[in-house]
Amino acid sequence: MKALCSRLSSLVPHQPPMEGVSLPDQLEGATNYIKKLQTNIEKMKQKKNCLMMGLSTSAPTANSSARSSCSNSGGLVIPNVDVRVVGSALEVALITGLDCQFMFTETIRLLHEEGAEVINASFSVLDNSLFHTIHCQLIGESAQGYGAARISERLRKCVCDVN
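FYI, the numbering for the sequence shown is 1 to 163, going by UniProt numbering.
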């Protein structure tokens, strides 16, 4: 029994000297510490799940209620960008949180720098998320060669810099 108590006390963070504390009080303190750790683990798992759902842009609509509960519980929305190329046309899907609204103007600026002409831009808000869709036409040198790949790379780098 002493060996088990000694092992348990070595696993629990250092506390003030325990000479005057009875064995049941030591066990209760260790139990409370373990319960606190379990609660922290559950919170971290929930936060991880919320962040993972925010990262997947192609999540099915069945996850929308789970995604919505993450947003309502104060979960963060990590900025995400998806670029689709169809010929010389580009569709940029940008998902940000309400705290990253500047990402839209930064994306438009970057597209203009790369020689893309914005044809249409729209957005919608759901809970704590902003969904932007930008339709562009590649013109000039961007339409030839690797313009779309360069734009996609720069947008991803811009989003990663925000994270």
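We put the beta carbon where it would ideally sit given N, CA and C, even for glycine.
- The residues His135, Cys136 and Gln137, in chain order, have a CB closer than 7 Å to that of Ile119 in the same chain once the five nearest residues on each side in sequence are set aside.
- Going by beta carbons, Phe102 and His132 fall outside the 8 Å limit.
- Our two residues, Gly97 and Ser129, have alpha carbons roughly 5 Å apart in a direct line.
- For Cys5 against Gln38, the beta-carbon gap comes to about 21 Å, at or over 8 Å, which does not count as contact.
- In the displayed model, Gln38 falls within a helix according to three-state DSSP.
- The beta-bridge partner set that DSSP reports for Ala93 consists of Asp82 and Thr133.
- Our two residues, Met1 and Val77, have alpha carbons roughly 49 Å apart in a direct line.
- Ranked by how close their Cα comes to the Cα of Leu126, the residues Tyr33, Ile95 and Asn40 have Ile95 in first place.
- Rounded to whole angstroms, the gap between the alpha carbons of Ile108 and Val92 is 10 Å.
- About 7 Å separates the beta carbon of Arg154 from that of Glu114, a gap short enough to meet the 8 Å contact definition.
- Straight-line spacing of the CA atoms in Cys158 and Tyr33 works out to 42 Å.
- Annotated as distal: Leu90 and Ile139, with beta-carbon spacing of 8 Å or more.
- For Val162, the enclosing alpha helix (DSSP H) stretches over residues Gly147 to Val162.
- For Arg7 and Glu42, the gap between their C-alpha atoms comes out near 25 Å.
- In chain order, Tyr33 place their CB closer than 8 Å to the CB of Pro13, counting only its own chain and leaving out the 5 sequence neighbours on each side.
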